[in-house]
Amino acid sequence: MKAITANRLLDGEVVFWKAGQWVDAFGDAQLFDHDDAAVEAAVATGKGQPTVVVDVYPIDLTPSEGHWAPVSYRERIRALGPTNEPTHGKQAEGGEAIDALRHAAGAARSTGRVDLIRRK
Amino acid sequence: MYQYDAIDREFLVDRSNEFRGQVQRRLAGELTEDQFKPLRLMNGLYLQLHAYMLRVAIPYGSLNAAQVRRLAWIARTYDKGYGHMTTRQNIQFNWVKLKDAPDILDALAQVDLHAIQTSGNCIRNTTSDPYAGATAEEVDDPRVWCEVIRQWSTLHPEFSYLPRKFKIAVTASARDRTAAKVHDIGLMLRRARDGSLGFEEIVGGGQGRTPHVGPTIKEHLPVGRLLSYLEAVLRVYNRHGRRDNIYKARIKILVAALGAEEFGRQVEEEWAKIDAARADLPDTELARIRGAFASTPFETLPAVSEAFEAARVASPALQRFVRNNLKPHKKPGYAIVEISLKAQGQTPGDVTADQLDVAADLAERYGLNDVRVTHAQNLVLPHVKLDDLPAVHAALAAAGLATANIDLASDIIACPGLDYCALANARAIGVAQDIAAKFADEDRAETVGELKIKISGCINACGHHHVAHIGILGVDKKGEEFYQLSLGGSGAEDASIGKILGPALPADKVAGAIDTLVEAYLGLRTGEERFLDTYRRVGLEPFKEAVYVQAD
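From first to last, the protein sequence lines stand for chains U and F.
Per our numbering, residue 1 is the first one in the first sequence, and the count goes up by one each step.
Per our numbering, residue 121 is the first one in the second sequence, and the count goes up by one each step.
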């Protein structure tokens with residue numbers, strides 16, 4: 001399972017792709033189930049919106065408490081906010097999807113991010 | 121303190137307007153991200169994990185009360201009520217929006233602050249001794265020379281596109297509080313036997329993935345020749361520094377490849393070609409800059425304050441604060457007061473807007489309008505009367521700023537790490553907080569004594585782990601956070617690079633391992649030895665055994 005993430009140009013906020021829009025909450029992100037062509041198409045669309053978002057890339061997901069969570073620790077921090085300030089960032093809203101992210105135990109490098117760095 | 125003149129102020133306003141235009145063009149799609157990124161970086165604006173981060177320069181670590189209040193206002197208005205002190209005398213705001221950045225630069229410019237030279241491959245903000253102008257140890261005021269370098273290097277056309285970033289530190293005390301020997305250039309002011317002032321010029325120090333303690337390439341550079349000599353060093357570096365590989369682009373790689381002697385020879389050759397009358401600072405200009413720092417209005421006071429002596433006898437908390445956070449001042453009746461930003465549970469170097477306002481109020485009322493920031497992520501009130509210390513301590517305590525732990529085990533340097541930084545591999549803040557908790561017992565921390573623990577969340581080493589008594593480097597092992605420990609580093613006058621203790625540890629084992637190292641040290645130390653002294657006497661093995669035998 002994959003999702004697509006980026007940072008919004010105007011304020012740097014972490015955003016996720018949802019059916020042609022960019023949404024703030026990971027819980028609202030569109031999930032791509034083994035559909036690489038759809039992922040590539042969405043990433044390409046995102047990259048074609050340089051005045052809306054920067055650094056568009058796909059992330060791998062893993063199941064957690066009946067929800068999905070990024071496999072990479074780094075991506076979970078992006079989806080939640082900094083761990084030293086639990087009231088800062090997206091995690092402040094709380095809820096089931098946030099808890100599932102907090103409790104997720106997957107471990108892998110952020111492959112999409114690594115590709116991004118390599119390209120640079 | 122140096123006062124900006126009309127030209128400086130006009131320059132900052134122009135710069136801010138220029139950036140406003142660049143942001144507008146970026147948002148309108150007239151600039152691509154690739155075109156815009158170097159422009160925003162030249163104004164200290166990075167894109168981090170959760171938001172943009174603005175790094176504001178605090179030239180040679182010196183602020184007045186109005187500037188501190190403005191930083192507090194920015195923290196409240198544009199951030200989440202915090203600022204973060206860096207390891208190079210800058211302050212970072214972690215939650216900045218691109219659309220607000222030009223307004224923030226305007227607000228900074230109104231109090232003579234800016235974000236120039238906080239990023240990019242230029243000569244960065246110069247680091248200096250936070251005790252400058254207050255310590256009896258110094259042979260001259262290093263701020264004078266930092267200001268000279270600031271004016272010379274700001275947007276220097278020849279040195280704005282160097283192979284890589286370039287950092288200079290200036291100290292005038294034998295005790296180095298600037299990490300001069302691990303800067304690209306470390307300048308140590310010394311007085312020769314004939315009384316003349318000169319710089320020991322150390323070139324090619326650095327941290328990152330290839331740490332080096334810089335070699336001295338000139339023992340005694342007459343101070344009047346500083347700018348022409350810097351020009352020669354930078355020119356040799358600009359010509360021969362590697363641009364093909366970012367990891368080999370710093371001057372330390374060039375100096376190591378050529379050898380210090382050959383590098384020094386090439387600098388001398390270049391120096392001989394430079395027209396000193398053009399390049400060096402005229403005496404009149406030096407006198408003008410020196411004048412800005414010569415007018416601190418100290419009073420003539422008795423060396424002992426009865427009010428202070430009575431208060432410290434009555435208050436164990438004040439007594440502890442005095443033992444750990446007070447440093448001797450050059451003037452009788454005054455003290456240097458360090459303000460720790462490393463309370464239990466605090467993010468190292470984070471300071472709230474309210475705390476900044478308290479520091480500004482205290483500086484104005486009791487501290488000759490002077491606040492300093494240190495590369496160890498703390499604050500300093502450099503000029504406090506002993507008579508006023510009880511009041512200052514009480515006000516600091518009320519604001520959560522009286523933690524009495526300067527240079528103790530809980531005074532940990534930590535980079536923002538993976539909680540904020542786009543480059544990090546692992547978190548640093550949480551690990552720092554876990555270790556500090558092991559030394560929450562203040563008596564135990566004092567028994568252990570000076571112990572500099574420093575944590576970086578990646579090999580770029582912003583957390584100075586290479587030059588820590590105990591250094592901790594976060595690494596990514598197949599997507600999990602692990603931490604590599606090293607011992608025996610120092611960023612002070614006895615600079616050295618730490619040695620790796622053994623295999624990296626998982627996050628939940630780090631604080632326990634530090635505790636084990638400290639217990640091993642307490643068992644091994646003799647007399648007044650610091651942790652570093654004991655390590656240098658007994659070597660790595662006893663410590664390695666203590667940590668890894670227990671881990672097995």
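No residue lacks a Cβ here, since even glycine has one placed at the ideal position from N, Cα and C.
In this text the structure is predicted, and so the values were computed from the model without any measurement.
- When rounded, the separation of the alpha-carbon atoms in F:Ile-555 and F:Gly-632 is 8 Å.
- With its beta carbon less than 7 Å from one in chain U, F:Glu-600 belongs to the interface.
- Below the 9 Å Cβ cutoff, chain U contributes Asn-7, Gly-12, Glu-13, Val-14, Ile-77, Arg-78, Gly-81, Pro-82, His-88, Gly-89 and Lys-90 as neighbours of F:His-170, in chain order.
- Between the C-alpha atoms of F:Phe-279 and F:Ile-269 there is a straight-line separation of about 13 Å.
- Residues of chain U whose Cβ lies closer than 9 Å to the Cβ of F:Asp-539 are, in chain order, Ile-77, Gly-81, Pro-82, Thr-83, Asn-84 and Glu-85.
- Between the alpha carbons of F:Ser-348 and F:Ile-305 lies a gap of roughly 14 Å.
- Taking C-alpha positions only, U:Val-56 is separated from F:Leu-165 by approximately 20 Å.
- Boundaries of the beta strand (DSSP E) harbouring F:Leu-593: 590 to 597, taken from the DSSP string.
- Residue state for F:His-332 is assigned as strand, using DSSP reduced to three classes.
- The segment 31 to 45 of chain U and the segment 194 to 203 of chain F do not touch, with fewer than 3 CB-CB distances between them shorter than 8 Å.
- Linking F:Gln-497 to F:Gln-209 through their CA atoms gives a straight-line distance of about 8 Å.
- Distance from F:Val-587 to F:Ala-546 at the Cβ level is roughly 19 Å; contact not present, criterion being Cβ atoms closer than 8 Å.
- For U:Ala-69, the three-state secondary structure derived from DSSP is strand.
- Separation of the CB atoms of F:Leu-438 and F:Ala-431 is rounded to 6 Å, and the pair is thereby assigned contact status at 8 Å.
- Shown here, F:Pro-342 sits in a strand according to DSSP, grouped into three states.
- The three-state secondary structure of F:Pro-662, taken from DSSP, is helix.
- One alpha carbon belongs to F:Gly-647, the other to F:Asp-653, and they sit about 11 Å apart.
- Remark: C-beta atoms of U:Ala-97 and U:Gly-27 approach each other more closely than 7 Å.
- Listed in chain order, the non-local C-beta contacts of F:Asp-470 below 7 Å within the same chain comprise Tyr-202, His-204 and Leu-461, local neighbours out to five positions each way being set aside.
- With a cutoff of 7 Å on beta-carbon distance, F:Pro-331 and F:Ala-380 are scored as not near each other.
- Between the C-alpha atoms of F:Ala-289 and F:Ala-434 there is a straight-line separation of about 41 Å.
- Taking a C-beta distance under 7 Å as the contact criterion, U:Leu-101 and U:Arg-78 do not qualify as a contact pair.
- Of all residues in the segment 52 to 75 of chain U, those with a C-beta nearer than 9 Å to a C-beta of chain F are Val-54, Asp-55, Val-71, Ser-72, Tyr-73 and Arg-74, reading in chain order.
- Measuring C-alpha to C-alpha distances from F:Ala-171 to each of U:Val-71, U:Gln-21, U:Lys-90 and U:Ser-72 identifies U:Lys-90 as the nearest.
- Taking all protein chains shown into account, F:Gly-465 has fewer than 16 neighbouring C-beta atoms within 10 Å of its C-beta and is therefore exposed.
- Rounded to the nearest angstrom, the Cβ distance from F:Gly-453 to F:Pro-402 is 37 Å, too far for a contact under 8 Å.
- Taking 8 Å as the cut-off between beta carbons, the residues of the segment 142 to 171 of chain F near chain U are Arg-146, Leu-147, Ala-148, Gly-149, Thr-152, Glu-153, Leu-167, Gln-168, Leu-169, His-170 and Ala-171, in sequence order.
- With a contact defined as Cβ atoms closer than 8 Å, F:Arg-492 and F:Leu-499 qualify at about 7 Å.
- When C-alpha distances from F:Gly-583 are compared across F:Thr-472, F:Cys-535, F:Asp-563 and F:Asp-507, the shortest belongs to F:Cys-535.
- For F:Asp-508, the CB contacts under 7 Å within the same chain, skipping 5 residues up- and downstream, are Tyr-486 in chain order.
- Residue nearest to F:Arg-657 within the set F:His-513, F:Glu-601, F:Leu-644 and F:Asn-525 is F:Leu-644 (criterion: CA-CA distance).
- F:Gly-325 is positioned such that its CB atom lies closer than 7 Å to that of F:Val-302.
- With the rule of 3 Cβ pairs closer than 8 Å, the segment 213 to 223 of chain F counts as touching the segment 4 to 14 of chain U.
- Fewer than three beta-carbon pairs drawn from the segment 178 to 185 of chain F and the segment 60 to 77 of chain U are found closer than 8 Å, and the two stretches are therefore not classed as touching.
- Membership of F:Leu-401 in any beta strand (DSSP E) is not indicated, and neither H nor E is assigned to it by DSSP.
- Burial is judged here by how many other beta carbons sit within 10 angstroms of a residue's own beta carbon; F:Leu-521 has at least 16 and is buried.
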